[in-house]
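Everything in the first sequence is counted per our numbering, starting at 18 for the first residue and increasing by one. Here a beta-carbon is modelled for each residue, glycine too, at the ideal position from N, C-alpha and C. Note that the coordinates shown come from a computational prediction; the quantities given were computed from them, not determined experimentally. Input: a single structure, listed below in structure tokens.
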Amino acid sequence: MTVRVRFAPSPTGYLHVGAARTALYNYLFARHSGGTFILRSDDTDRARSTDEFQADILEYLRWLGLEWDEGFDAGGRHGSYRQSDRYDRYREVAHGLVRRGHAYYSLATGEQLDAFKQAARAAGTSPAYDGSLEPPYEEISKWLAAGETAVVRFKVPRPGETTFTDVVRGDIRFDHAQVDDFVILRSDGTPTYHLASTVDDVDYGITHVIRGEDLLSSTPKHILLTQAMGAEPAIYAHLSLLMGPDGKKLSKRHGDTAMSAYREAGYLPEAMNNYLALLGWNIGDDETIASLDEMVERFDLSTVSKNPAVFDHKKLEWMNGVYIRDMDDDEFVSATLPIVEEAVGRALSEGDRERFARLVPLVKERAKLLPEVGSQARFLFVEIDDYDEAAWSKVMEVDAAPVALDGALAVLEDLEPWTTEAIDAALRGMLEEHGLSARKGLQPIRVAISGSMVSPPLFESLEILGRAETLERIRNARALL
RNA sequence: GGCCCCGUCGUCUAGAGGCCUAGGACGCCGCCCUCUCAAGGCGGUAGCGUGGGUUCAAAUCCCAUCGGGGCUACCA
């Protein structure tokens, strides 16, 4: 059997991390088994679906590198892969179901249904609607003949039960007594999610449905529908949901959930994939870091965890740092140049870029998030007149500061050659001469050239800054003491 | 309320009766390194929800209980 899986988001919101994880697992499973990964747009909710959301989903799926073989925007033999383009097909299936007695036109009103459910609830039983509120057939025909509208409901066979083996959760059983005769066609003739999704899965030959656990209790509906269509149900795998730190389903109130927010915050797609994969699956051999290809190689759906996973920003951040350190310098420069230019407030000249490139090895291992590079590299390209207040009072307004600054000026003025090693030796000599500790004697210099108590390593920074700039900055700071 | 799913360190997980005085990773703490901050090295902290069984032996099997989550729309 050739594996065919699909990721079928509804464009009713931006691509969020939970959906991205579902997409990732589908992708890993497809690639691992040499199957086909399909992207579909489940946009049957016309009121909430927008082109903007659709575009966002495509953009971030691409950003993550989760390329799909077939489907929305990539072509394939099943049309547009956009459900809103297939209403005729869904209607055809629904009408066929009615003809064969698997579905019926329903006239039950919302009020009637509410009463029915409340009564069931009060009795402490299952609230599934079983069609008992429908008027006799003649009345329905008359109603329809008069041109009135009605919804179409699927007739759940009762008594009965649906059982299936979920790849991640094992054997699952649902008594039909608690499965509603659910609506498949709305009164305006458009399909509901259950119908459209199931018809597509059948039509597109989907072999494995890998989706969120929130759809677990809808699965009997999908299996029943599939069987009524005369098709073989897919194999299902329901992934546990992502949780916030409070144990509730991950949502906006826990912070950013949109993938776009993570890119903007400076996360790398490789880190996102690696982290998301770990939320519910372990690579094996006590390993934590693995590339997409390595994960494809080792992915196994049946070892995916049943537990809901809490999304932990701290670990993601750490992992992002790992991937940043792993970037090669050129890659790092192109990823951070815009950030540095933003921090500096202007475009970097050719010479500026060369200086930045020399600083790269120093800042690369100090960043967990890309934007941090802006504040770390900024000092190279701007005049320092906005000394950090705390830094100034803590390291400049002490007796050691003027001594260190004057001493530095003296040994650096004619230093040859202007290299990290020579600067190191010269400044250490100066410290010894004045009986200053490295901490006390070097911090004033750092503040003078960077305006901050935190900067890339001092001697290297001075070398890259250049003699003229270094001396000028030290003099400026000294004059303010 | 009903139905369904889930329950190992704070978090993600390994563990499929003896290999477990429970392993790894993040976090946190300490030490080392050190010009700041990181990175790195070393060490530490912390967990089988609870109660009953079964067994020579249970994190692993059974039952109950408690806790958490999902669904319960003409949303998906």
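Limits of the unbroken alpha helix (DSSP H) element including V169: By one-based count along the first sequence, residue 169 stands at place 152. That residue, V169, is in no alpha helix (DSSP H); its beta strand (DSSP E) goes 168–171.
Limits of the unbroken beta strand (DSSP E) element including F181: Sequence index remark: in the first sequence, residue 181 carries index 164 (1-based). Its beta strand (DSSP E) spans residues 178–183.
Contact between the segment 273–290 and the segment 70–81 (3+ Cβ pairs under 8 Å): Because the criterion of three Cβ pairs below 8 Å is met, the segment 273–290 and the segment 70–81 touch.
Per-residue DSSP class, three states only, for E334: In the first sequence, the residue the question calls residue 334 occupies position 317. Three-state DSSP puts E334 in a helix.
Distance between P144 and R138 (C-alpha atoms, nearest Å): On the first sequence, residue 138 is found 121 positions in, with the first residue counted as 1. On the first sequence, residue 144 is found 127 positions in, with the first residue counted as 1. Computed Cα separation, rounded: 6 Å.
Secondary structure of M260, DSSP reduced to three states: On the first sequence, residue 260 is found 243 positions in, with the first residue counted as 1. Look at M260 here: in three-state DSSP terms it is strand.
L241 beta carbon less than 9 Å from that of A111: Walking along the first sequence from the start, residue 111 turns up at place 94. Walking along the first sequence from the start, residue 241 turns up at place 224. Cβ atoms of A111 and L241: not closer than 9 Å.
Between the CA atoms of S123 and D198 - distance to the nearest angstrom: Mapped onto the first sequence, residue 198 falls at position 181. Mapped onto the first sequence, residue 123 falls at position 106. One C-alpha to the other measures close to 10 Å.
Nearest candidate by alpha-carbon position, reference F396, set W298, L233, L479: The sequence position of residue 396 within the first sequence is 379, counting from 1. Checking every option, the nearest Cα to that of F396 belongs to L479.
Simplified DSSP assignment, three categories, for I201: Position 184 of the first sequence, counting from 1, holds the residue named residue 201. Reduced to three states, the DSSP call for I201 is strand.
Candidates R280, A278, M260, of which the one nearest H271 by Cα: Against the first sequence, residue 271 aligns to sequence position 254. Closest option to H271, Cα to Cα, is M260.
Touching by the beta-carbon criterion (3+ pairs, under 8 Å), the segment 383–401 and the segment 423–438: At 8 Å Cβ cutoff, the stretches do not touch.
Residue interval of the beta strand (DSSP E) (run including R190): Here residue 190 corresponds to residue number 173 of the first sequence, with the count starting at 1. R190 -> beta strand (DSSP E) spans 187–192.
8 Å contact criterion, which R290 and L32 should meet: CB distance rounded: As a first step, residue 290 must be located in the first sequence, where it is residue number 273. As a first step, residue 32 must be located in the first sequence, where it is residue number 15. Looking at the sequence provided, one finds Asn at residue 290 rather than Arg. Taking 8 Å as the upper bound for CB-CB distance, N290 and L32 are not in contact here, some 13 Å apart.
Q100 Cβ short of 8 Å to the ligand ATP heavy atom set: Although the ligand ATP was asked about, the structure shown includes no ligands whatsoever.
7 Å Cβ shell around N337 - same chain, five flanking residues per side excluded: Translated into the one-based positions of the first sequence, residue 337 becomes position 320. Here the set comprises Y284, L285, A288, K385, L386.
Host alpha helix (DSSP H) of H271 (start-end): Numbered from its first residue, the first sequence carries residue 271 at position 254. Neither: H271 is in no alpha helix (DSSP H) and is coded neither H nor E.
Selected residue, minimal CA-CA separation from D317, among A162, T179, G30, S50: Here residue 317 refers to the residue found at position 300 of the first sequence. Nearest to D317 by C-alpha distance, out of A162, T179, G30, S50, is S50.
Continuous alpha helix (DSSP H) stretch holding F373: start and end: Working through the first sequence from its first residue, we reach residue 373 at position 356. Note, F373: alpha helix (DSSP H), 367–381.
Pair within 9 Å by beta-carbon distance, A407 and M344: For this step, residue 407 is matched to residue 390 along the first sequence. For this step, residue 344 is matched to residue 327 along the first sequence. Result no, Cβ atoms of A407 and M344 do not sit closer than 9 Å.
Under the three-state DSSP convention, the category P237 falls into: Here residue 237 refers to the residue found at position 220 of the first sequence. It is helical.
Buried or exposed by the 16-neighbour rule on C-beta atoms within 10 Å, applied to E151: Counting from one through the first sequence, the residue named residue 151 turns up at place 134. Looking at its Cβ environment, which holds 16 or more other Cβ atoms inside 10 Å, E151 is buried.
Paired residues, beta bridge with V327 - DSSP: Here the question's residue 327 lines up with position 310 in the first sequence. Paired residue(s): M260.
Exposure label - Y154; buried when at least 16 CB within 10 Å: As a first step, residue 154 is located in the first sequence; it is residue number 137 there, counting from the start. Under this definition Y154 is an exposed residue.
Inter-stretch contact at 8 Å, needing at least 3 Cβ pairs: the segment 113–132 / the segment 83–90: Touching, no, given that fewer than three Cβ pairs across the two stretches are closer than 8 Å.
Limits of the unbroken beta strand (DSSP E) element including V22: The residue labelled residue 22 in the question sits at position 5 within the first sequence. Counting along the chain, the unbroken beta strand (DSSP E) around V22 starts and ends at 21–24.
Given 8 Å, three or more beta-carbon pairs between the segment 61–71 and the segment 191–211: Touching, per the Cβ criterion.
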